[in-house]
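K.L.:
In this note's numbering, the protein residues as written are 148 to 708.
Don't be surprised by glycine CBs; every beta carbon is placed ideally from N, CA and C.
Once you've had a glance at the structure underneath, I'll fire off some questions.
Encoded structure:
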């Protein structure tokens, strides 16, 4: 085994004004962002309660009326005079970190803000029919009391169904069910010409069904989705297992935690995630649903991690490094949202003392700050600072390459903690934007099956060690190198993140064939911006986008190197 390459040596960086603005930003967060965030959360909660009080029939009628408003609005557009179509949502409201400067060019807005209702919980079909702005906190509040849940529940409360389907969504159950979009049964979509269609994997719009995920809303407007439900229990029995050694050994310990080498399905947990705290220490967590009766048996420890004064989850898990493996029971809904209060570990950068007991006890109930408000109050200079001196990226890599990915991140970025979450990437009837390695099923690697290759999300969220040491760090160059590594290793970068990809490399990472088939078949060309230009870093001029659309017959898809 090759020795772990040391991180790059960098010169010291001279502090400028923006460094101090970031350093003392906690003042604005405490006195402005947190209070306003709490009011917004309260308003959203009251709206959810009001929606739940309505009958299903009334919610469906309101939905149908709102769909017709979208259709009417689209038909008002004059393609020769109006810009490309996009939602009326303000650019800073999105949870993702990438620029959404495409809205600064001339565009034609369609308001989807009313689509935030749970339309139906069908216990017979085991399907939840929801609108795109329903978020994870809202859906678990409705389903968990029924001992039901979505098959994949993304951890942060604010993540919406629409974003998770059009983009990317994952959770600790994805090693069983795949990505969030893989759990969708049907989608209701308003197309560019105003037609409303229901797409499933086996009807006449099956190509659209497979084309929507990862398209970032550039094929049509998703106005509702039917999503798979599973039966759950009241608690999660969670086992914390420390793993020490090299990054390759930590990666192997992570693989073994959920993908038994003997293939015994009885050893596969319901939930799994890993956190790597240093280059030689990590903690793997495996969860199994447990009944209330089991959790409350004498001798079992129940940990209600959702209380505002509780230690942040990632720090609580880290205690396994000192005290060894331990087991506890966590209420299931609180477990689902375990990373919400501290935004994984980003909360430590936003509020350096936010993890202290005095703060948690006095003000922890205000957490977390609304991500959209953090973005709205940061300004251009701070936003650019974060792009250059901070990393928020996810690397979706084949399971057998996780060790290589960890070593790459250590050498190029030296960011800790790192988040590990496995997911299946299915062989589908068509080649979508993301797809397994060709012929993976013949290698019989750990975690793989004949119908799906096991991948892992390596979450890289924090300031690099070089920045924390006051050294120079080129964020754009580091992300560019990360993206090249992903391309070379048949891996993917979720599009919510800041990207340095040019168009040629974008289509080397993702496959364009089925996506462009859907773009042309369903009239998206000339109506919606293409997914590359929507994801591209920096401002997008209308002229630039129109020229790209005009050249659609001779696209800049890269030849595989």
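Spell out the partners DSSP gives residue 391 in its beta bridges.
P.N.:
428, per the DSSP bridge assignment.
K.L.:
For the ligand PLP, I want to know if residue 327 counts as a neighbour, meaning its beta carbon is within less than 8 Å of at least one of the ligand's heavy atoms.
P.N.:
The model on display carries no ligand, and the ligand PLP is accordingly not part of it.
K.L.:
For the pair the region 633-653 and the region 225-236, tell me if three or more CB-CB distances fall below 8 Å.
P.N.:
Segments in contact, no.
K.L.:
Of the residues 264, 376, 180 and 442, which one's Cα is nearest the Cα of residue 299?
P.N.:
Selected option, being the one with the closest Cα: 376.
K.L.:
Considering only their Cβ atoms, is the gap separating residue 484 from residue 284 smaller than 9 Å?
P.N.:
Contact flag set, yes.
K.L.:
Please report the residue range of the beta strand (DSSP E) in which residue 566 lies.
P.N.:
Counting along the chain, the beta strand (DSSP E) containing residue 566 begins and ends at 565-573.
K.L.:
Sort 683, 679, 684 and 669 by Cα distance to residue 340 and report the nearest one.
P.N.:
Out of 683, 679, 684 and 669, 669 has the C-alpha closest to the C-alpha of residue 340.
K.L.:
Roughly how many angstroms lie between the CA atoms of residue 206 and residue 264, to the nearest whole one?
P.N.:
Going from the Cα of residue 206 to the Cα of residue 264 covers about 7 Å.
K.L.:
Just how far apart, CA to CA, sit residue 705 and residue 654?
P.N.:
Below a pLDDT of 50, predicted positions are generally treated as unreliable, and residue 705, at 40, falls in that range; no measurement from the model is reported.
K.L.:
Can you list, in chain order, the residues of its chain whose CB lies under 6 Å from that of residue 258, leaving out five sequence neighbours each side?
P.N.:
Cβ within range, chain order: 235.
K.L.:
Roughly how many whole angstroms lie between the Cα atoms of residue 488 and residue 517?
P.N.:
Taking the straight line from one Cα to the other gives about 10 Å.
K.L.:
So, with DSSP's three-state summary, where would you put residue 487?
P.N.:
Residue 487: coil per DSSP, three-state reduction.
K.L.:
Can you grab the Cα-Cα spacing for the pair residue 405 / residue 262, in whole Å?
P.N.:
When rounded, the distance between both Cα atoms is 37 Å.
K.L.:
Where do the N-terminal and C-terminal ends of the beta strand (DSSP E) with residue 275 fall, by residue?
P.N.:
274-277 is the span of the beta strand (DSSP E), which, as asked, contains residue 275.
K.L.:
Name the DSSP beta bridge partners of residue 333, please?
P.N.:
Looking at the DSSP assignment, residue 333 forms a beta bridge with 347 and 373.
K.L.:
Using 10 angstroms around the beta-carbon of residue 167, count the other beta-carbons present and answer buried if the total reaches 16, otherwise exposed.
P.N.:
Label assigned to residue 167: exposed.
K.L.:
From the DSSP output, in three-state form, read off residue 703 for me.
P.N.:
Note that residue 703 scores a pLDDT of 38, beneath 50, so its modelled location is shaky and nothing firm can be said.
K.L.:
Alpha carbon to alpha carbon, what distance is there between residue 423 and residue 277?
P.N.:
Rounded to whole angstroms, residue 277 to residue 423 spans 35 Å at the Cα level.
K.L.:
Go to residue 296, then tell me how far its beta strand (DSSP E) extends in each direction, as first and last residue.
P.N.:
From DSSP, the beta strand (DSSP E) with residue 296 extends over 295-297.
K.L.:
Taking 8 Å as the limit between beta carbons, can you name the residues of its chain near residue 90, skipping five residues before and five after?
P.N.:
Residue numbering for the chain in the displayed model covers 148 to 708; residue 90 lies beyond these limits and cannot be assessed.
K.L.:
So, with DSSP's three-state summary, where would you put residue 221?
P.N.:
Correct three-state label for residue 221: helix.
K.L.:
Between the Cα of residue 431 and those of 619, 416, 574 and 306, spot the shortest distance and give me the residue it belongs to.
P.N.:
Closest option to residue 431, Cα to Cα, is 416.
K.L.:
Kindly list the residues whose CB is nearer than 6 Å to the CB of residue 443, restricted to its own chain and excluding five residues on each side of it in sequence; keep chain order.
P.N.:
Same-chain partners within the cutoff: there are none.
K.L.:
On the three-state DSSP scale, how would you describe residue 609?
P.N.:
In the structure shown, residue 609 sits in a strand (DSSP, three-state: E or B).
K.L.:
Look at the alpha carbon of residue 680 and the alpha carbon of residue 312, and state the distance between them as a whole number of angstroms.
P.N.:
Cα to Cα, residue 680 sits roughly 19 Å from residue 312.
K.L.:
If we require 3 or more residues per run, which beta strand (DSSP E) segments fall completely within the region 639-680?
P.N.:
List check, beta strand (DSSP E) in window: nothing returned.
K.L.:
For the beta strand (DSSP E) that residue 538 lies in, which residues bound it at each end?
P.N.:
That run of the beta strand (DSSP E) goes 538-545.
K.L.:
Would you identify the three-state DSSP class for residue 167, choosing helix, strand or coil?
P.N.:
Correct three-state label for residue 167: helix.
K.L.:
Under a Cβ-count criterion, where at least 16 other Cβ atoms within 10 Å of its own Cβ denotes burial, should residue 512 be classed as buried or exposed?
P.N.:
That one is exposed.
K.L.:
Whole angstroms are fine: how far does the CA of residue 529 sit from the CA of residue 165?
P.N.:
C-alpha separation (whole angstroms): 7 Å.
K.L.:
So, is residue 196 buried or exposed, given that buried needs 16 or more other C-beta atoms within 10 angstroms?
P.N.:
Its Cβ having fewer than 16 others within 10 Å, residue 196 is exposed.
K.L.:
What would DSSP say about residue 422, mapped onto helix, strand or coil?
P.N.:
Strand at residue 422.
K.L.:
Report the three-state DSSP secondary structure of residue 480 (helix, strand or coil).
P.N.:
Correct three-state label for residue 480: helix.
K.L.:
For residue 412, count the other beta carbons within 10 Å of its own beta carbon; 16 or more makes it buried, fewer makes it exposed. Which is it?
P.N.:
Exposed is the call here.
K.L.:
Could you check how far apart the C-beta atoms of residue 314 and residue 643 are, in whole angstroms? I think they sit under 8 Å.
P.N.:
Right, their Cβ atoms sit about 6 Å apart.
K.L.:
Give the single residue among 336, 331, 567 and 297 whose Cα lies nearest to the Cα of residue 211.
P.N.:
Residue 211 has its Cα closest to that of 336, out of 336, 331, 567 and 297.
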